[in-house]
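What follows is a short report on a single structure.
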Amino acid sequence: MLSRSADNLYWMSRYIERAENIARILETSSQFLLDLGQGSRQMDNSGWRPILEVLCVDEDFDRIKKQDPELGILQFLSISKFNSDSIIQCIALARENARMVRDKISEEMWRELNRIHLFLKSESAKTEWEFSQHEFFNRIIRFSLLFQGLVQSTIAHNEGYLFIQLGKYLERADKTTRIVDIPSLYEKKSLSVSPWPTVLKSCSARATYLTSIGTTITEKESISLLLFDGNFPRSLRFCLNEVDSIMHKISQTPRGNFSNEAERITGAVLASIDFNGKTDIELLGLHDYLDHIQDKINSIGEQIFDHYILLPTSTIEAPELPNPVIQDYQQQQQQQQ
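Residue 215 is where the sequence shown starts when you use our numbering, and the numbers rise one by one after that.
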């Protein structure tokens, strides 16, 4: 597959997964703030600021806020055209990447992606966001889940499919760590409600927790499920294992070995999670541990680009001249001297 097509499929998938996860965070956080007595529209620093920080867009918001004092945090994260990671911009970027590889995706995938893109550009979307944010966020989540189903059932499971899955799982791994990090940013505040049910709900993990662990939701068990469980499809462990498996399928290298830096880093992170994950959290603290994991995920993304996407620049050498031609040239030079 051409590296450019792989890049488009990879980023199409990442942006859709990013939009879904931001919608999940905003939907469940809105309810959490309501439970704390802060309405979802009271976008003050004490409520929504930690969400900006966990998504690493707080500096961007502060800069744009100076130009637009009326801009709210919830608006910035969901429908702002000035935030490249807002929901509406993620969908727009996903569509643009899909447009470049129309021949690599199914008609159904393009139709649904184009449909949600056109909706988000319409006045209906602005009205829905203004009066029914719950429906707005759930519309994005439903679209993403539908799109994933179409990927599974309407295109060949070839190399292009693998790059779509690679983008999805790497983005999901990153966002799961950020969702789990949210309570760390609320620690300095006196909370009357535990944030961990909200964290589980953001990852659609509440039902799994209740059926496999118990009815009492604790921080320790929530972290264990969302970071270290090998069977839950939104856990960090599960997602990175999928990333590792997919990269080995693309490179056709046996699992346990590695043929590039992306595979090496992923394997090392998985081994660290399996053998030292819980101990590292005790030593470093949850927030610093997740920062470390996020750095590793970023490194994996960079190495995927370097190995699979960025083609080395070929040097153009002058054609080799026959010896007699070179000798004639050298003789002419000597005569001129």
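Where is the CB? At the ideal position from N, CA and C, for every residue including glycine. Quick caveat, the model's predicted, so the values are computed rather than measured.
DSSP state of residue i mapped onto helix, strand, coil
i, result
"residue 445", "coil"
"residue 455", "helix"
"residue 236", "helix"
"residue 371", "coil"
"residue 419", "coil"
"residue 273", "helix"
"residue 286", "coil"
"residue 491", "helix"
"residue 524", "coil"
"residue 203", "With the chain covering 215 to 551 only, the question about residue 203 has no answer from this structure."
"residue 314", "coil"
"residue 407", "coil"
"residue 425", "helix"
"residue 396", "helix"
"residue 221", "helix"
"residue 430", "coil"
Spatial distance of residue i from residue j (CA atoms)
i, j, result
"residue 275", "residue 337", "24 Å"
"residue 513", "residue 476", "8 Å"
"residue 344", "residue 280", "23 Å"
"residue 225", "residue 435", "33 Å"
"residue 352", "residue 437", "25 Å"
"residue 303", "residue 297", "7 Å"
"residue 553", "residue 240", "Residue numbering for the chain in the displayed model covers 215 to 551; residue 553 lies beyond these limits and cannot be assessed."
"residue 503", "residue 264", "17 Å"
"residue 250", "residue 424", "23 Å"
"residue 330", "residue 357", "7 Å"
"residue 348", "residue 334", "15 Å"
Local Cβ density within 10 Å of residue i, reported as buried at 16 or more and exposed below that
i, result
"residue 379", "buried"
"residue 444", "exposed"
"residue 292", "buried"
"residue 565", "The structure shown has nothing for residue 565, since the chain only spans 215 to 551."
"residue 228", "buried"
"residue 388", "buried"
Contact set for residue i: own chain, Cβ-Cβ below 8 Å, skip 5 residues either direction
i, result
"residue 469", "458, 459, 462"
"residue 367", "none"
"residue 440", "390, 393, 394, 413, 414, 417, 419, 446, 448, 449, 450"
"residue 278", "285, 290, 294, 296, 297"
"residue 322", "364, 368"
Beta-bridge partners of residue i, as assigned by DSSP
i, result
"residue 469", "471"
Contacts around residue i, its chain only, beta-carbon distance under 6 Å, and the 5 residues preceding and following it disregarded
i, result
"residue 473", "465, 467"
"residue 294", "300"
"residue 500", "398"
"residue 431", "410, 411"
"residue 507", "391"
"residue 272", "266"
Own chain residues within Cβ distance below 7 Å of residue i, not counting five before or after
i, result
"residue 481", "458, 472"
"residue 536", "At residue 536, the pLDDT of 45 sits below 50, so the modelled position is not reliable; the number obtained from the coordinates is stated separately. Excluding sequence neighbours, residue 536 sits near nothing in its chain."
"residue 315", "219, 222, 223"
"residue 234", "354, 355, 358"
"residue 306", "331"
"residue 262", "287, 288"
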